[in-house]
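Residue numbers (the working numbering), protein chains in the order written: chain A, 1 to 251; chain B, 1001 to 1178. Note that beta-carbon positions come from the ideal geometry of N, C-alpha and C, so glycine has one too. Below you'll find the structure, written out as structure tokens, and then a few comments.
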């Protein structure tokens, strides 16, 4: 593996009395696409939230570029998500009142980039992702695939070192999902961006360099993510759509 | 799959000889097992006997004569009927995968069945990754993409079955032992 960019060591996280992660250790290398797979409720979204600093683990350590991430303040972690980290969820992440170009420009504006420059960079990204023609459209006026490509543009406009994608094609039909996934893989390869790709679809995970399977909040020793008893109950973790505007808030 | 009807389809554009048919078959069905020359000539022989194709001249290019074949009216009718016929949607749940799980429980125990399912899942996943690489190659033609798609969705269906069956091994074992 290339140099370790992001690492989790013995990460534990519970929701009330329900354990979601029970001591997970993984590494993500520079520019590496790692799929985190497993059945519903296995803890994969929770792992993504801990790795991206959206949540703090109850125990264990998260480090980014060799420095602890989980011990940083909420505002420090939030700042990281406006720069080094990009976030892409299943749906519901664009600001409904803003046209596509302003949605993509938003992370740059929050970092203090001038409006004209931010919009210009946003248009470059919309063009690169083949959705320049919807630049002036509001999210409600776009198709699901267009909205997801706009959201991808917003996740990548700051040229992050890590993209966190939680079921990014889960709400799309097969061909549209494939196109969005194709854009993700192509662009992150070009940029050298690492990706943590959460998915329960084997066909999506097959696009990654490596697959890490979870089962009942732990790494699956077979590496396969199979439930060995009855399937784990769904719903112990957060909803797949993710916290709204998590890149801007300190959630 | 009916090789004869695929050959009829290839011949429907223009007459071809066996060598050309083998090349054309492998080009338009890149995901299929390549046709052996012997299979092409044997199939053409049967098709000629049944009146589906007829010789359409011969040519010699430095070797033996090569006979071209064309589709006859009977052949076109047969091709139309084949295209109209819906394939049976897998009516029998017979598969080596299914048999191995049941036999593992009969002859050994739950761990044996789980070990097989886990190993099979890994083999399927490895193949899925290979086919995904084929499909996402920027130089892949549409024919290669739809051939890979076909294999991928079937592997994916098997993978779902493998996962649910692994979760049901204990219940299945109890039922078999009753």
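{"Item": "Whole runs of the beta strand (DSSP E) within the region 60-134 of chain A, excluding any shorter than 3 residues", "Value": "85-88"}
{"Item": "CB contact flag (residue 8/A, residue 53/A, <8 Å)", "Value": "no"}
{"Item": "Residue burial classification, residue 1043/B (beta-carbon count within 10 angstroms, cutoff 16)", "Value": "buried"}
{"Item": "Residue-level contact to chain B via CB, residue 35/A, 8 Å cutoff", "Value": "no"}
{"Item": "The region 156-169 of chain A touching the region 187-202 of chain A, judged by at least three CB pairs closer than 8 Å", "Value": "yes"}
{"Item": "Helix, strand or coil at residue 271/A according to DSSP, with G and I counted as helix", "Value": "Any answer about residue 271/A is impossible in this case: the structure gives chain A only from 1 up to 251."}
{"Item": "Runs of alpha helix (DSSP H) wholly within the region 1096-1143 of chain B (minimum 4 residues, chain order)", "Value": "1096-1107, 1110-1136"}
{"Item": "Residues that DSSP places opposite residue 15/A in a beta bridge", "Value": "18/A"}
{"Item": "Close beta carbons around residue 227/A, own chain, < 6 Å, minus the five adjacent residues each side", "Value": "Residue placement at residue 227/A is poorly supported in this model, since its pLDDT is 46, which falls under 50; the coordinates still yield a value, given next. Here the set comprises 39."}
{"Item": "Distance, residue 172/A Cα to residue 76/A Cα", "Value": "33 Å"}
{"Item": "Nearest-angstrom Cα separation, counted from residue 155/A out to residue 44/A", "Value": "20 Å"}
{"Item": "Spatial distance of residue 1025/B from residue 37/A (CA atoms)", "Value": "38 Å"}
{"Item": "Cβ-based burial, residue 215/A [other Cβ within 10 Å; buried from 16]", "Value": "buried"}
{"Item": "Residue of 6/A, 25/A, 152/A, 42/A minimising C-alpha distance to residue 19/A", "Value": "42/A"}
{"Item": "Cβ-Cβ separation, residue 126/A to residue 95/A (assumed contact under 8 Å), whole Å", "Value": "Wrong, their Cβ atoms sit about 15 Å apart, outside the cutoff."}
{"Item": "Integer-rounded CB distance, given that residue 121/A should sit under 8 Å from residue 108/A", "Value": "6 Å"}
{"Item": "Cut-off 7 Å between Cβ atoms - residues of its own chain near residue 179/A, not counting five sequence neighbours on either side", "Value": "145"}
{"Item": "Length of the line joining the Cα atoms of residue 1136/B and residue 1175/B", "Value": "44 Å"}
{"Item": "Straight-line gap, residue 67/A to residue 49/A (C-alpha atoms, nearest Å)", "Value": "18 Å"}
{"Item": "Rounded separation between residue 1109/B and residue 1101/B - CA only", "Value": "10 Å"}
{"Item": "Below-8 Å beta-carbon distance, residue 113/A vs any chain B residue", "Value": "no"}
{"Item": "Alpha carbon of residue 1162/B to alpha carbon of residue 1087/B, nearest angstrom", "Value": "25 Å"}
{"Item": "First and last residue of the uninterrupted beta strand (DSSP E) at residue 1026/B", "Value": "Counting along the chain, residue 1026/B falls outside any beta strand (DSSP E), though it belongs to the alpha helix (DSSP H) covering 1018-1028."}
{"Item": "Straight-line gap, residue 230/A to residue 1035/B (C-alpha atoms, nearest Å)", "Value": "With a pLDDT of only 39 at residue 230/A, under 50, the local geometry of the prediction cannot be trusted, and no value is derived from it."}
{"Item": "Which of helix, strand or coil DSSP assigns to residue 193/A", "Value": "coil"}
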